[in-house]
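Counting from 1, one number per residue, gives the positions in the sequence shown under UniProt numbering.
Here's the structure, in structure tokens; my notes come after.
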Amino acid sequence: MQREKVKPNSVTTVNLLSACSELSEIRLGQEIHCYCLKRGLFDLDPHIGTALISFYSRLDDVLAARVVFDLMVITNVVSWNAMLSGYLNVGDTCEAMRLFLGMVSGSIKLTKVAVLVTIQCCIGSEYIELGNQIHQVSIKLGFSFDLFIVNALISMYGRNLNVESSRQLFETIPTRDVALWNSMMSIYIECGCHDEAFALFARLQSEGVRKDALTISLAILACIESAHDFKKGKSLHAYVIKSGMKLDASIGNALLSMYSHLNCVESSCKTFNEIRNPDVVSWNTLIWAMARNKLTGQARGIFFQMQQFNFEPNSFTMVSLLAMCADEAGINIGCAIHAFIIRLGVEVDASLCTALTVMYVKCGDEGAARFLFDNFSDRDLISWNALISTYVENNQPNKALILFHQMLPEVDPNSITIINALSACGHLTDLPQSQCIHAYAIRRNLALNFHVSVGNTLITTYARCGSIHIAEKKLAKRDVVSWNAIIAAYGMHGHAQKSIVAFSQMQDDSLSPNNVTFVSVLSASSHAGLIETGWQYFYSMHQNYNLTPEVVHYSCMVDLLGRGGHLKEARDFIDSMPIQPDANVWRALLGGCRVYSNIELARPAFGAH
Numbered sequence: 001m002q003r004e005k006v007k008p009n010s011v012t013t014v015n016l017l018s019a020c021s022e023l024s025e026i027r028l029g030q031e032i033h034c035y036c037l038k039r040g041l042f043d044l045d046p047h048i049g050t051a052l053i054s055f056y057s058r059l060d061d062v063l064a065a066r067v068v069f070d071l072m073v074i075t076n077v078v079s080w081n082a083m084l085s086g087y088l089n090v091g092d093t094c095e096a097m098r099l100f101l102g103m104v105s106g107s108i109k110l111t112k113v114a115v116l117v118t119i120q121c122c123i124g125s126e127y128i129e130l131g132n133q134i135h136q137v138s139i140k141l142g143f144s145f146d147l148f149i150v151n152a153l154i155s156m157y158g159r160n161l162n163v164e165s166s167r168q169l170f171e172t173i174p175t176r177d178v179a180l181w182n183s184m185m186s187i188y189i190e191c192g193c194h195d196e197a198f199a200l201f202a203r204l205q206s207e208g209v210r211k212d213a214l215t216i217s218l219a220i221l222a223c224i225e226s227a228h229d230f231k232k233g234k235s236l237h238a239y240v241i242k243s244g245m246k247l248d249a250s251i252g253n254a255l256l257s258m259y260s261h262l263n264c265v266e267s268s269c270k271t272f273n274e275i276r277n278p279d280v281v282s283w284n285t286l287i288w289a290m291a292r293n294k295l296t297g298q299a300r301g302i303f304f305q306m307q308q309f310n311f312e313p314n315s316f317t318m319v320s321l322l323a324m325c326a327d328e329a330g331i332n333i334g335c336a337i338h339a340f341i342i343r344l345g346v347e348v349d350a351s352l353c354t355a356l357t358v359m360y361v362k363c364g365d366e367g368a369a370r371f372l373f374d375n376f377s378d379r380d381l382i383s384w385n386a387l388i389s390t391y392v393e394n395n396q397p398n399k400a401l402i403l404f405h406q407m408l409p410e411v412d413p414n415s416i417t418i419i420n421a422l423s424a425c426g427h428l429t430d431l432p433q434s435q436c437i438h439a440y441a442i443r444r445n446l447a448l449n450f451h452v453s454v455g456n457t458l459i460t461t462y463a464r465c466g467s468i469h470i471a472e473k474k475l476a477k478r479d480v481v482s483w484n485a486i487i488a489a490y491g492m493h494g495h496a497q498k499s500i501v502a503f504s505q506m507q508d509d510s511l512s513p514n515n516v517t518f519v520s521v522l523s524a525s526s527h528a529g530l531i532e533t534g535w536q537y538f539y540s541m542h543q544n545y546n547l548t549p550e551v552v553h554y555s556c557m558v559d560l561l562g563r564g565g566h567l568k569e570a571r572d573f574i575d576s577m578p579i580q581p582d583a584n585v586w587r588a589l590l591g592g593c594r595v596y597s598n599i600e601l602a603r604p605a606f607g608a609h
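This is the structure we're talking about:
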């Protein structure tokens, strides 16, 4: 075209720049930019300026895009929108917001694109208040029922943990497409509302909405934490097979994740083999399934196999492998994995650094753990929480509290941080420290009235410190975990009758007890010598609440009978157990035999133990 001396116009230039961005041809795009400057095509043509902004933005050079924008003599709405999109593309929400406010103050017409991009900038950021205002602006502009705008608003509210606002928005839309249903399901899952997500899926089915692969994937993911996850998940898997849907990576990875969470190794392997084109997420999830079940050899084999198929391990691969190293015996494997990370040049992000740090603490090499943690520049809240939690789990509460105080000047804690710190105080039975952290939580709006989980931990902590009444009086909102903590706390201090009263009050609140509840009431009955009451609770598990007693409940019953001197009855009870008794069951019987000097029953129990 140039050889024939035909001058390109703005349409030619715009198309060329679009092609350059698609092919990532930075050098050629810059040459076209220079050509435009020399020929004077840039100054008075907003179309070329907008194309240049889009070109640089798509190649993540937002600074060059901004220079172009600032030098444009004539701008239009499309130019402003392109610059906004550029900032969103590189995650610079601060500059995007400044530009949006510049549009408002400069009386630039706000289009659907500008509103949509700005809402997306508010997702998961500190601009939620501005997001609320933009929501109101979108209503005034007539976008109340625009599916793209509503979808973005649902994501904005949900990812800022305002699930109720997301739900209300969803319900106000008279006509919903599958993308809107998927968004609402996704928000429920991200916020831990798995039952609500599955209920929404059931409603989607009843309303005859056409499902896509993402819908099925989200429904499967909702099953992971749902009360009847295995049954629901299997039925969804059957639906996929029956409907003839291809098991692509999206659905396959969701099924793989579900079976991995359920520790179904065989089903995980079978599902992996059925995925048409497994991606790196598929390989990582399978490795995680093996590591989760302590199948070290299989996990390592899959790790090497994925590389043979030209899949590069990433940080999540290594995090999955490190899950195998949970005690001192795993230190050699952990060090080998660390060496692999260095040799393969895997990027050490916050999650991988945290996994390495936790691994070294659990394996007994605290020096290596602290060296890694102290020298990592991108420590986030999750990193701090993980290390504090690991110290608590490894019976190092003093170190957990020292780390908690070290983090305060650097990172703002959340409810998980407070829970870990209070747990450490409970292990130390440190009442003054518990009260200080409780007061700090109140000042930061992280106290029990705002976070039930914090309140539950406070009950346990104060109970261990001998002051359960402090927390119990203030816990207005109670869930099953709250009542379990109260019942266990009373039992811990020998107040069996108060445990039983709390059990009744829990049911008065229309809350059904779970297996943990019955461990507490059976233990309280045992310590108080309430044999008949204990039997009633044990039988009521299945008869009244459809709960299957586990080995820990049988252990409580043997302890109850043994403490009461009913040793023969305790031995007969063990012989009639439908499940294999574990060491705790035999220890409970031996404890009763020791108290009542029954050597005859102790001998076979000692042999079994």
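For glycine and all other residues, C-beta sits at the position ideal for the given N, C-alpha and C.
| query | result |
| --- | --- |
| Using a Cβ distance threshold of 8 Å, determine whether the segment 559-569 contacts the segment 542-551, with at least three qualifying pairs required. | no |
| What first and last residue would you give for the alpha helix (DSSP H) that runs through residue 397? | 397-407 |
| May I ask whether a heavy atom of the ligand SAM can be found less than 7 Å away from the beta carbon of residue 528? | For the ligand SAM, the structure offers nothing, since it holds no ligand at all. |
| Counting along the chain, where does the alpha helix (DSSP H) carrying residue 583 start and finish? | 583-595 |
| Pick out whichever of 23, 24, 10 has its Cα sitting closest to the Cα of residue 35. | 10 |
| Exposed or buried, what is residue 439 when buried is set at 16 or more other beta-carbons lying within 10 Å of its beta-carbon? | exposed |
| Tell me whether residue 223 is buried or exposed, calling it buried when 16 or more other Cβ atoms sit within 10 Å of its Cβ. | buried |
| Taking residue 47 as the reference, give the member of 82, 355, 39, 23 with the closest Cα. | 82 |
| Classify residue 413 as helix, strand or coil using the three-state DSSP reduction. | coil |
| If you pair each beta-carbon of the segment 83-100 with each one of the segment 114-125, do three or more pairs fall below 8 Å? | yes |
| Of the choices 285, 373, 288, 382, whose alpha-carbon is the least far from that of residue 360? | 373 |
| Using a threshold of 8 Å, state whether the C-beta atoms of residue 386 and residue 346 are closer than that. | no |
| Does the Cβ-Cβ distance between residue 37 and residue 29 come in under 8 Å? | no |
| Return the first residue and the last residue of the alpha helix (DSSP H) that residue 36 is part of. | 26-39 |
| Taking the alpha carbon of residue 306 as the point to measure from, which residue in 282, 293, 289 has its own alpha carbon closest? | 282 |
| Between the C-alpha atoms of residue 610 and residue 383, what's the straight-line distance to the nearest angstrom? | What the structure shows of the chain is the stretch from 1 to 609, and residue 610 is not part of that stretch, so it cannot be assessed. |
| In this structure, how does DSSP classify residue 233 when only helix, strand and coil are distinguished? | helix |
| Using the Cβ count rule (16 or more neighbours within 10 Å means buried), how would you classify residue 398? | exposed |
| Excluding the five sequence neighbours on either side, which residues of its own chain have a C-beta within less than 7 Å of the C-beta of residue 268, listed in chain order? | 256, 259, 260, 286, 289 |
| So what's residue 534 in DSSP terms, helix, strand or just coil? | helix |
| To the nearest angstrom, how far is the alpha carbon of residue 556 from that of residue 491? | 13 Å |
| Considering only C-alpha positions, which residue in the set 56, 566, 143, 322 is nearest to residue 111? | 143 |
| Based on Cα-Cα distance, which residue from 522, 214, 316 lies nearest to residue 494? | 522 |
| Taking 6 Å as the limit between beta carbons, can you name the residues of its chain near residue 364, skipping five residues before and five after? | 328 |
| Which two residues bound the contiguous alpha helix (DSSP H) that contains residue 329? | Note, residue 329: premise wrong, no alpha helix (DSSP H); not H, not E. |
| Judging by CA-CA distance, which residue of 158, 115, 126, 128 is the nearest neighbour of residue 139? | 115 |
| For residue 220, tell me which candidate among 243, 191, 252 has the shortest Cα-Cα distance. | 252 |
| One question on the structure: do residue 247 and residue 275 come within less than 8 Å of each other, judged by their Cβ atoms? | yes |
| Under 8 Å by Cβ, that's how I've got residue 292 and residue 326 pegged, so tell me the actual separation to the nearest angstrom. | The pair is not a contact, with the Cβ atoms about 11 Å apart (cut-off 8 Å). |
| In angstroms, rounded to a whole number, what distance separates the CA positions of residue 576 and residue 535? | 15 Å |
| Is the beta carbon of residue 169 less than 8 Å from the beta carbon of residue 185? | no |
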